[in-house]
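Colleague: Okay, here's the structure, questions in a sec.
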Amino acid sequence: MKIFDNKIKTVIFSLNMVLLVALLAMDIVYIIKGGLVNKGIASGIFVSIGIVNLSFAIKEKVDLKFPIIMTIGLIFAMLGDIFLAIEFIVGAILFAIGHIFFFVAYLFITKFSWKDLIYGFGIFIPSMLFIVLAPIFTFNVLMEIVCVIYALIISLMVGKAISNLVKERSLLNIIIAIGSVMFFLSDLMLLLGQFASLPVVGIICLVLYYPAEFMLAFSVFAYTCKQNN
Numbered sequence: 014m015k016i017f018d019n020k021i022k023t024v025i026f027s028l029n030m031v032l033l034v035a036l037l038a039m040d041i042v043y044i045i046k047g048g049l050v051n052k053g054i055a056s057g058i059f060v061s062i063g064i065v066n067l068s069f070a071i072k073e074k075v076d077l078k079f080p081i082i083m084t085i086g087l088i089f090a091m092l093g094d095i096f097l098a099i100e101f102i103v104g105a106i107l108f109a110i111g112h113i114f115f116f117v118a119y120l121f122i123t124k125f126s127w128k129d130l131i132y133g134f135g136i137f138i139p140s141m142l143f144i145v146l147a148p149i150f151t152f153n154v155l156m157e158i159v160c161v162i163y164a165l166i167i168s169l170m171v172g173k174a175i176s177n178l179v180k181e182r183s184l185l186n187i188i189i190a191i192g193s194v195m196f197f198l199s200d201l202m203l204l205l206g207q208f209a210s211l212p213v214v215g216i217i218c219l220v221l222y223y224p225a226e227f228m229l230a231f232s233v234f235a236y237t238c239k240q241n242n
């Protein structure tokens with residue numbers, strides 16, 4: 014992927030980096046101060062990155078299925094992020110919808126293969142067993158079911174990202190795989206913080222989460238560059 018071979022790529026890449034700095038700054042602010050407004054601003058920044066890169070994809074006239082679906086996924090992630098602080102189950106549902114959009118977007122990079130499910134269930138089964146059997150969690154039956162369903166959806170999303178990377182070790186797939194795995198790990202930290210009350214994990218969650226969203230938003234830029242090569 015050649016980034017600096019023309020002016021528009023250089024400008025869009027530079028804008029991505031500026032917004033990344035802003036996102037990391039808001040991540041730190043939210044870690045220190047908390048607050049729904051700070052959370053909303055941080056989420057708005059990673060959606061803005063997705064929109065900037067979608068605009069780049071439109072200008073470059075590449076196939077827009079991946080950029081559009083990824084951007085929709087980012088919007089649902091933003092909504093999930095905000096609603097998680099208001100009503101946890103609603104936030105989890107919105108996040109799950111976002112993961113479904115991410116999974117579908119990944120299908121436009123590499124078509125569906127049964128190996129995708131092998132990787133996905135390879136992640137889901139231990140995750141489910143951990144949720145169901147670990148004695149550290151304090152959630153009720155309904156919340157346990159919600160967490161298991163959510164674990165299935167995000168596991169399939171991460172599994173597809175890993176499967177794509179195994180099949181083709183491109184920069185685009187590396188970016189997507191890193192972002193997806195970081196998202197999964199941030200959600201694991203959220204689970205431990207929310208329902209096991211473990212110390213520090215809340216900070217680890219936020220350290221992983223917003224950079225993960227950046228990687229997924231940045232993948233739209235990487236995709237456009239790859240299509241033009």
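Using this note's numbering, read the sequence shown as starting at 14 and increasing by one per residue.
Positions of the beta carbon are idealized from the N, C-alpha and C atoms, including for glycine.
Alpha carbons only, please: which of Ile216, Phe108, Leu229 is nearest the one belonging to cysteine 160?
Modeller: Stepping through the sequence shown from its first residue, residue 160 is reached at position 147. Of the listed residues, the one whose Cα sits closest to cysteine 160 is Phe108.
Colleague: For leucine 36, tell me which candidate among Val24, Gly53, Glu73 has the shortest Cα-Cα distance.
Modeller: Stepping through the sequence shown from its first residue, residue 36 is reached at position 23. If we check each option's Cα against that of leucine 36, Gly53 comes out closest.
Colleague: I need the DSSP call for glutamate 181, collapsed to helix, strand or coil.
Modeller: Along the sequence shown, one-based indexing puts residue 181 at 168. Glutamate 181: coil per DSSP, three-state reduction.
Colleague: May I ask you to report which of helix, strand or coil DSSP gives alanine 248?
Modeller: It is not possible to answer for residue 248, since the shown part of the chain is limited to 14 through 242.
Colleague: When DSSP labels each residue in this structure, what does threonine 123 get in the three-state scheme?
Modeller: Numbered from its first residue, the sequence shown carries residue 123 at position 110. In this structure, threonine 123 counts as coil in the three-state DSSP scheme.
Colleague: Using a 10 Å radius around the Cβ and a threshold of 16 neighbouring Cβ atoms, would you call valine 34 buried or exposed?
Modeller: Residue mapping note: residue 34 aligns to position 21 of the sequence shown, counting from 1. Its Cβ having fewer than 16 others within 10 Å, valine 34 is exposed.
Colleague: Please report the distance separating the alpha-carbon of lysine 20 from that of isoleucine 85.
Modeller: If you number the sequence shown from 1, residue 20 lands on position 7. If you number the sequence shown from 1, residue 85 lands on position 72. Rounded to whole angstroms, lysine 20 to isoleucine 85 spans 27 angstroms at the Cα level.
Colleague: Thinking just about the alpha-carbon of each residue, which of Ser168, Met156, Asn153, Cys238 is nearest to the one in tyrosine 132?
Modeller: Here residue 132 is taken as the residue at index 119 of the sequence shown, counted from 1. Closest option to tyrosine 132, Cα to Cα, is Ser168.
Colleague: Got a sec? Which residues, its chain only, sit under 8 angstroms from alanine 164 by beta carbon, not counting five neighbours each side?
Modeller: One-based indexing of the sequence shown puts residue 164 at position 151. Contacts found: Phe137, Ser140, Met141, Ile144.
Colleague: Taking all protein chains shown into account, decide if threonine 23 is buried (16 or more other Cβ within 10 angstroms of its Cβ) or exposed.
Modeller: Within the sequence shown, residue 23 is the residue found at index 10, counting from 1. Counting Cβ neighbours within 10 Å, threonine 23 comes out exposed, since fewer than 16 surround it.
Colleague: Taking the CB atoms as reference points, tell me whether phenylalanine 190 and leucine 201 lie closer together than 8 angstroms.
Modeller: Here residue 190 corresponds to residue number 177 of the sequence shown, with the count starting at 1. Here residue 201 corresponds to residue number 188 of the sequence shown, with the count starting at 1. According to the sequence shown, residue 190 is alanine rather than phenylalanine. Result no, Cβ atoms of alanine 190 and leucine 201 do not sit closer than 8 angstroms.
Colleague: Give the straight-line distance between the Cα atoms of proline 80 and alanine 147, rounded to the nearest whole angstrom.
Modeller: Here residue 80 corresponds to residue number 67 of the sequence shown, with the count starting at 1. Here residue 147 corresponds to residue number 134 of the sequence shown, with the count starting at 1. Going by the C-alpha atoms only, they are around 39 angstroms apart.
Colleague: Going along the chain, which residues of its own chain have a beta-carbon closer than 7 angstroms to the beta-carbon of cysteine 218, five neighbours each way excluded?
Modeller: Taking the first residue of the sequence shown as 1, we reach residue 218 at position 205. Only Ser199, Met202, Leu203, Gly206 meet the Cβ criterion.
Colleague: Could you tell me the alpha carbon to alpha carbon distance between isoleucine 193 and serine 183, rounded to whole angstroms?
Modeller: If you number the sequence shown from 1, residue 193 lands on position 180. If you number the sequence shown from 1, residue 183 lands on position 170. The sequence given here places serine at residue 193; isoleucine does not occur at that position. Near 15 angstroms, if we compare the C-alpha coordinates of serine 183 and serine 193.
Colleague: Is it the case that the stretch 48-62 contacts the stretch 217-232, given that we only count it when at least three CB pairs across the two stretches are under 8 angstroms?
Modeller: Yes: the two stretches touch, three or more of their Cβ pairs being nearer than 8 angstroms.
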